[in-house]
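>
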Amino acid sequence: MLEVKSLVKSFGPTIALRGVNLSVPDGQFVTLVGPNGAGKTTMLRILATLSRPTSGTVTIGGHELPKGARDARRSIGLVSHQTLLYGDLSAEENLRFYGRMYDVADLDARITQVLEMVGLAHRRRDPVRTFSRGMQQRLAIARAVLHRPSLMLLDEPYTGLDQDAAARLETVMSSVGTEGRTVVMTTHDLERGLAVADRVVILAKGRVVFEANRDELDTAAFKEAYRQHTL
Amino acid sequence: MNYLKQVAAIIAKDIAAELRTREMLSSMGVFAILVIIVFNFALELTERQIIETATPGALWVTIIFAGMLGLNRSLSVELDKGCLDGLLLTPVDRSAIFFGKALGNALFMLIVEAIVLPLFVVFFNVPLVQPWVILIVVLGTLGFAGVGTLLSSMAVNTRAREVMLPILLFPVAMPELIAAVKATSGAMMGLPVSEWQQWLSLLIVFDVVLVAVSFMVFEYVVEE
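Line order of the protein sequences matches chains W and F.
With my numbering applied, the first sequence covers 979 to 1209.
With my numbering applied, the second sequence covers 23 to 246.
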């Protein structure tokens, strides 16, 4: 599904990613953890086709970036700490706009379906700016899955949420956002990241410094590795 | 066909947001009216010749500064909550995003101009509401909105984005604005078309060049 080889990204003299390799098969949930400045968001922005690599290759669903970016975008859904929603438009208007941009078939029914999935059908005509942060983030998930993407990119989706809202978001994501999909999620939250992942990867100073499958992972060893690489 | 639908979807989205808030049109409209009033009192235009010389300049100053307000507002809407990223994530040609935003910006400018032109007639007693002037205003607006959309997308990634936009935009748009002022002046004074046709031609050439260049480089401007 996703193949990253020798990925380098620099911003002038600052090198954000230094030869990252990552391979994610279909249906796997990968959690990417690391401290601030590790390059997690840069990595996800490249995977989302929002940023071009300085060197290296990224292939999504057989489409190599940046040449195949337009085709790859059809299979990508992004949830970040920003909602990518227009505050002045209603929930329904936001989804209708994105649905038209993705050319979603049977759009009215699909809008109703995703709004019901995230529990916002009763607020469909309300402007998004009147929603709480948690509700906005749930609507962002509805937006991200509207076009039935096969790859979900989650960039710190819990940022700014209180405990209740984060727990509710986790429920929504496990039932809606990630079911049967390939997922790459970045987070600072080790516990939450470990709880949902099939595989965990530690990114530090622009490099992959540790990776392991969840079922063969010693949690204590992982936390120790995280501490060592991020201090 | 899908391309046109996607362009239309972006314009419709901007119209829907504007109908809900009316922030862009109201700020542009109020600003334009204030500028007209200030010009009317400041210039104390009494002689016919001075009126005819000064009015096209005053008209285009009003249009471009009001347009600048609109461009800034349009930019801030896309910046809020990362909506520009949301647009760039969609599997559409980047040029469809450019044309959608540029045509939306041009539409809002044209709505304000539909108010501004009659007000100029009232305040300055000049024949601005006539087919040639309207054509020139539409052409100037399309070019200005096109290059303004490109440069506002560029300014998004700078720290002082509201300040950066006019600094980037005015030098680039200046030749087009000079052509627009000269052509407006000729048309308004009722001179034979042959006497100001070169300015109209220049305006059309700048429109084509600015929009074509914006269309070609937009993809590189919006991507990191």
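Built from N, CA and C at the ideal position, the CB exists for glycine as well.
Is the shortest distance between the beta-carbon of W/Arg-1111 and the beta-carbons of chain F less than 8 Å?
Along the first sequence, read from residue 1 onward, the residue named residue 1111 of chain W stands at position 133. Answer no: the Cβ-Cβ gap between W/Arg-1111 and chain F never drops below 8 Å.
> Whose C-alpha, out of W/Gln-1006, W/Ser-988, W/Leu-985, is nearest the C-alpha of W/Arg-1177?
Start at 1 with the first residue of the first sequence, and residue 1177 of chain W comes out as number 199. Of the candidates W/Gln-1006, W/Ser-988, W/Leu-985, the one whose C-alpha sits nearest the C-alpha of W/Arg-1177 is W/Gln-1006.
> Determine whether the Cβ of W/Pro-991 lies closer than 8 Å to any Cβ atom of chain F.
Indexing the first sequence from 1 puts residue 991 of chain W at position 13. So no, W/Pro-991 is outside the interface.
> At a CB-CB cut-off below 7 Å, which residues of chain W make contact with F/Val-114?
Taking the first residue of the second sequence as position 1, residue 114 of chain F is located at position 92. Simply Met-1079.
> Which partner residues of W/Ile-1038 appear in the DSSP bridge assignment?
On the first sequence, position 60 is the one that residue 1038 of chain W refers to. Per DSSP, W/Leu-980, W/His-1041.
> Beta carbons nearer than 8 Å to chain F: which residues of the segment 1147-1171 of chain W have them?
Residues: none.
> How is the alpha helix (DSSP H) around F/Val-244 delimited, first residue to last?
In the second sequence, counting from the first residue as 1, residue 244 of chain F sits at position 222. First-last of the alpha helix (DSSP H) with F/Val-244: 215-244.
> When you compare only the Cα positions, how much space is there between W/Leu-1085 and W/Glu-1071?
Numbered from its first residue, the first sequence carries residue 1085 of chain W at position 107. Numbered from its first residue, the first sequence carries residue 1071 of chain W at position 93. Rounded to the nearest angstrom, the two C-alpha atoms are 12 Å apart.
> Please list, in chain order, the residues of the segment 33-45 of chain F that have any C-beta partner in chain W closer than 7 Å.
For the segment 33-45 of chain F, which is checked against every Cβ of chain W, the residues closer than 7 Å are Lys-35, Ala-38, Ala-39, Arg-42, Thr-43.
> In chain order, what are the residue ranges of uninterrupted beta strand (DSSP E) at least 3 long that sit wholly in the segment 1126-1189 of chain W?
Listed in chain order, the complete beta strand (DSSP E) runs (minimum 3 residues) inside the segment 1126-1189 of chain W are 1129-1133, 1160-1165, 1177-1182.
> What in chain W is Cβ-close to F/Leu-111, meaning under 8 Å?
In the second sequence, the residue the question calls residue 111 of chain F occupies position 89. The contacting residues are Ala-1026, Thr-1027, Leu-1028, Arg-1051, Ile-1054, Leu-1056, Leu-1062.
> Between the alpha carbons of F/Glu-241 and W/Lys-1201, how many angstroms are there, rounded?
In the second sequence, residue 241 of chain F corresponds to position 219, counting from 1. In the first sequence, residue 1201 of chain W corresponds to position 223, counting from 1. If I take the Cα positions, the gap works out to 42 Å.
> For a contact meaning CB atoms closer than 7 Å, what does F/Lys-103 contact in chain W?
Looking up residue 103 of chain F in the second sequence gives position 81. Here the neighbours are Gln-1060, Thr-1061, Leu-1062, Leu-1063, Gly-1065.
> Please list the terminal residues of the continuous beta strand (DSSP E) segment that includes W/Phe-1007.
Working through the first sequence from its first residue, we reach residue 1007 of chain W at position 29. W/Phe-1007 -> beta strand (DSSP E) spans 1007-1011.
> So, is W/Tyr-1204 buried or exposed, given that buried needs 16 or more other C-beta atoms within 10 angstroms?
Numbered from 1 along the first sequence, position 226 holds the residue referred to as residue 1204 of chain W. So W/Tyr-1204 counts as buried.
> Along chain F, in chain order, which residues have C-beta atoms closer than 8 Å to that of W/Phe-1200?
For the purposes of this step, residue 1200 of chain W is identified with residue 222 of the first sequence, where counting begins at 1. Chain F residues near W/Phe-1200: none, gap ~31 Å exceeds 8 Å.
> Compare the Cα-Cα distances from W/Ser-1053 to each of W/Ile-1119, W/Glu-1134, W/Arg-1159 and report the closest residue.
As a first step, residue 1053 of chain W must be located in the first sequence, where it is residue number 75. The shortest C-alpha separation from W/Ser-1053 is found at W/Arg-1159.
> Check whether the segment 149-163 of chain F touches the segment 104-121 of chain F, counting contact only when three or more Cβ pairs, one atom from each stretch, lie closer than 8 Å.
Segments in contact, no.
> Indicate the three-state DSSP secondary structure (helix, strand or coil) for W/Ala-1083 in the structure shown.
Along the first sequence, read from residue 1 onward, the residue named residue 1083 of chain W stands at position 105. In the structure shown, W/Ala-1083 sits in coil (DSSP, three-state: anything other than H, G, I, E or B).
> Straight-line CA distance for W/Leu-1172 to W/Arg-1192?
Here residue 1172 of chain W refers to the residue found at position 194 of the first sequence. Here residue 1192 of chain W refers to the residue found at position 214 of the first sequence. So the two alpha carbons sit approximately 7 Å from each other.
> Please list, in chain order, all residues of the same chain as F/Leu-190 whose beta carbon is under 8 Å from its beta carbon, the five residues on each side excluded.
Your numbering for residue 190 of chain F matches position 168 in the second sequence. So the qualifying residues of the chain are Leu-173, Met-176, Ala-177.
> Are F/Ala-88 and F/Ala-124 close, meaning C-beta to C-beta below 8 Å?
Against the second sequence, residue 88 of chain F aligns to sequence position 66. Against the second sequence, residue 124 of chain F aligns to sequence position 102. The answer is no: Cβ separation not under 8 Å.
> Any Cβ of chain W within less than 8 Å of the Cβ of F/Ala-205?
The residue labelled residue 205 of chain F in the question sits at position 183 within the second sequence. Not an interface residue.
> For W/Phe-1212, does the three-state DSSP call read helix, strand or coil?
There is simply no residue 1212 of chain W to check, as chain W begins at 979 and stops at 1209 in what is shown.
> For W/Gly-1138, collect the residues of the same chain with a Cβ closer than 7 Å to its Cβ; drop the 5 residues on either side in sequence, then sort them by chain order.
As a first step, residue 1138 of chain W is located in the first sequence; it is residue number 160 there, counting from the start. Result list for W/Gly-1138: His-1059, Arg-1111, in chain order.
> Provide the residue(s) that pair with W/Gly-1055 in DSSP beta bridges, ordered along the chain.
Along the first sequence, one-based indexing puts residue 1055 of chain W at 77. BP columns for W/Gly-1055 point to W/Met-1130.
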